[in-house]
Structures are given as structure tokens and as C-alpha cells.
Amino acid sequence: MTLVLGIETSCDETSAAVVADGREVRANLIASQIDLHARYGGVVPEIASRAHIERLDPLICEALRLAGAAPEELDAIAVTARPGLIGALLIGVTAAKTLAWAWGKPLIDVNHIHAHATSAALGIAAGSGGGADGASIWPAAALVVSGGHTSLFLVRDPCDIVMLGRTRDDAAGEAFDKVAMILGLGFPGGPIVDRRAKSGDATRVSLPRTMLGPDSLDFSFSGLKTAVLYHVHGAGRTRGGLERLSPGDIDDLCASFSAAVVDVLVAKTLKAAERCGVRTVVVGGGVAANSMLRARLSETCVRRGLTLHPTPMQFCTDNAAMIAAQGHHQFVRGRLADLSLAAEAS
């Protein structure tokens, strides 16, 4: 058995976790900073970094306690080293390097987005035929959709990940946040827009689906965001129109916007699976919790004869369990870092 301590501080969640054999989550603690950033309508990097400093050490201690693991029982320490906010990343990387030196443990640097791409394996129960590391779900086309990134990967296995496409401007989660701001709904926008969309009519507002050409697996959501802005305020205007919208109008706009995003995500994910010749699709990242996306992917995969493995809801947002799990795979392959490890921003 391998026991890995995971540390995640790439943006505005502070998290520590202990995972056995890459899939048995012994402890996974997350300290959210939503209340700290809500008044600003987005994440403030300096505030995020200071909160990580205050919260990380107690979380690590509590994660070890809940897992019933002493430092000497750990096999390795895994940390998000890239991508993310540089100040936030530095807190986690510095803590991990310090503990690795003090406890004499191997250090593993994890790509946060790759961890999202493989996090669906955390939902495969032991004994379900998935193998010790969820091996039966690979190879797969992986959609990672979050506040900062929207990417498609071919995951041959957790240590062999190839990028197929990525956003050229706004990530999907960023677009949700900006549309929520346009509509005066608050932060973070994703869960609020998702909730309002459930009461709306997705056919009421005509919005663009940017595909970037028939062969492209890249994404672009800036035009969609602008279309929502102009629908609310009028072409060329950025304010003055919100007061004319009823609550029902806002629900319809949330539903129409969500459908436009989901249409693009689903179409490109299926295109990636077809192009790579794989029969399995996985989806991870914060926006993977979106109810319309999960439902549409499920329905479409069934129709196409594909197997869908969505990341469990508790592992969609940034978390250290996925970092520890990905760290396990790198550890058993001997892919280790040293104390010169540096954080790399997005």
C-alpha cells in the first residue's frame, strides 16, 4: 500500500488529503474562500495567498489525524505545482518542500489540470473491475472544465496525457462567472446560473455556439459572453438594461446561456473521442458539477454507445484528493521532484 499526502493551493481553495493506493480517500479537507472573494466579484490573488498561509497547516494536521496516519507512515508528499495563481501556488509548494525535507519523504509535483483529467477514477469503487488505479477506464477522452481552464485530453493512462484542445480566451467557468456578474447574480456564478437555469426555457434566447471550424478541438467563450451582455443592455452598451428583465427573463437567459456552453462542450468532447478512437469519456473540474452538462453528456454518450465516467461531485472543485491520487501514479513510476521545485503560474 502507498499512502500519499496531497496539498492543493492553486487558486481559492485550500485543501489537504491523504489517499491510499491512488483511490482510497482516507481524508479530504477543503477550506473554501468564497466568502472572502464574493464582495469583489472574483478571486483576489493577494487575499487568496494570505488565506492559504492561515489555513494550510491546520488542514494538513487534521487530514493526517482523520486518516489515522503519522508522518512516518507516508510514502510521499504530492503538491500542485502548476498551473494557477503564482502566490497561491507558492504557499503549497513551500509547505510541501518543507515537509518533504523535515520528514524525509519523496516530493511529487502535480499538474493541477492533469489531476482533474484523471479524477474520475476516484469514483470507481474498489472491486468494481477498475483495477488498483482505475485502469479499466483508460484510455479515455477527458474534458476538464473549470473557472480557469477548459481543455480536452487523451488520457492513455494517468502518466500519459496528451492535450487535444484548450480555450483560446475565456474558460467556461470564467464565462459563467462573468454572465452571473452581468445579471447581478453574485459570485461564484456557476452554481447560481445552474440553479436559475433549471427554472428557465433554454430556447427563449438565441445565442451563438462558437465551434472555431469543423476540425478544431479548441474552445472560445468570449463571443458568447458578449452576446449575453448585448442581449441585456443593447448592442454596444455595457449597462442600463438589467432593470427591464423580469426574474423569469433572467431564468430563461441563464438556461439559454448554459445550453450554448453545454452544446459546445459536448460536441467537442464527442469529436475528441471519435478522433482518438476511444469508447470512454471522463469529465472533471468545477463546471463538471453543472447539472445540464452532466445530463447532456450522459444522454449523448448512451446514444453513441460510449461509457461516461463523470468525476464524483465532491471531487469536481479543486481538492487535494485528486492531487494525492495523481501523485500516487507518478510515485509508482518514479516520477519525483526535488527540493529545487518551483511553482509555475498559468
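Our numbering puts the sequence shown at residues 674 to 1019. For each residue, glycine too, the CB sits at the ideal point set by N, CA and C.
Taking the Cα positions, Met-965 is about 24 Å away from Leu-837. The beta-carbon distance between Arg-969 and Asp-924, rounded to whole angstroms, is 18 Å. This is too long to meet the 8 Å contact definition. Rounded to whole angstroms, the separation of the alpha carbons of Val-698 and Val-975 is 29 Å. For the segment 799-871, the full-length beta strand (DSSP E) segments reaching 3 residues or more read 813-818, 823-830 and 833-839 along the chain. DSSP places Arg-976 in no beta strand (DSSP E) but in the uninterrupted alpha helix (DSSP H) bounded by 964-977. Here Val-835 is exposed: its Cβ has fewer than 16 other Cβ atoms, across all protein chains shown, within 10 Å. Here DSSP, grouped into helix, strand and coil, assigns Ala-690 to strand.
Ala-790 and Val-752 do not touch by the CB rule: their CB atoms are close to 17 Å apart, not below 8 Å. Take the alpha-carbon of Asp-867 and the one of Trp-776: they are about 44 Å apart. Counted as a single uninterrupted DSSP element, the alpha helix (DSSP H) harbouring Gly-896 occupies residues 895-906. Here the segment 1011-1019 lies against the segment 743-762, with 3 or more beta-carbon pairs under 8 Å apart. Taking a contact as a CB-CB distance under 8 Å, the pair Ile-750 and Ala-773 counts as one, their CB atoms being some 5 Å apart. In this structure the segment 817-833 lies against the segment 845-861, because at least three pairs of beta carbons, one per stretch, are closer than 8 Å.
Gly-958 sits in coil when the DSSP states are folded into three classes, being neither helix nor strand. Under the 10 Å beta carbon count, Cys-684 is surrounded by 16 or more other beta carbons and is classified as buried. Taken through DSSP and simplified to helix, strand or coil, Leu-747 comes out as coil. Going by DSSP, Val-939 is part of the alpha helix (DSSP H) stretching over 920-949.
Nearest Cα to Ser-705 within the set Ala-724, Glu-719 and Pro-718: Ala-724.
A residue is called buried once 16 or more other Cβ atoms fall within 10 Å of its Cβ, and Cys-734, having fewer, is exposed. Boundaries around Asp-782 are those of the beta strand (DSSP E), 780-784, since no alpha helix (DSSP H) includes it. Under the three-state reduction of DSSP output, Val-766 falls in the helix class. Across the structure, Gly-862 and Tyr-713 are spaced so that their CA atoms are roughly 13 Å apart. The DSSP-derived three-state label of Ser-705 is strand.
When rounded, the separation of the alpha-carbon atoms in Glu-916 and Leu-902 is 13 Å.
Assignment of Val-677 by DSSP, reduced to helix, strand and coil, places it in the strand class. Exposed is the label assigned to Met-674, since fewer than 16 other Cβ atoms lie within 10 Å of its Cβ. Linking Lys-944 to Val-951 through their CA atoms gives a straight-line distance of about 10 Å. No Cβ-Cβ contact shorter than 9 Å links Ala-998 with Ser-824. At the C-beta level, Pro-779 and Phe-988 stay beyond 9 Å of one another.
Leu-678 is the residue among Asp-891, Thr-984 and Leu-678 whose C-alpha sits nearest the C-alpha of Ala-740. Taking each of Ala-689, Thr-682, Asn-701 and Leu-676 in turn and checking the Cα distance to Gly-695, the smallest one comes out for Leu-676.
Looking at the backbone, the Cα of Leu-827 and that of Arg-948 are separated by about 10 Å. For Leu-981, the enclosing beta strand (DSSP E) covers residues 980-983.
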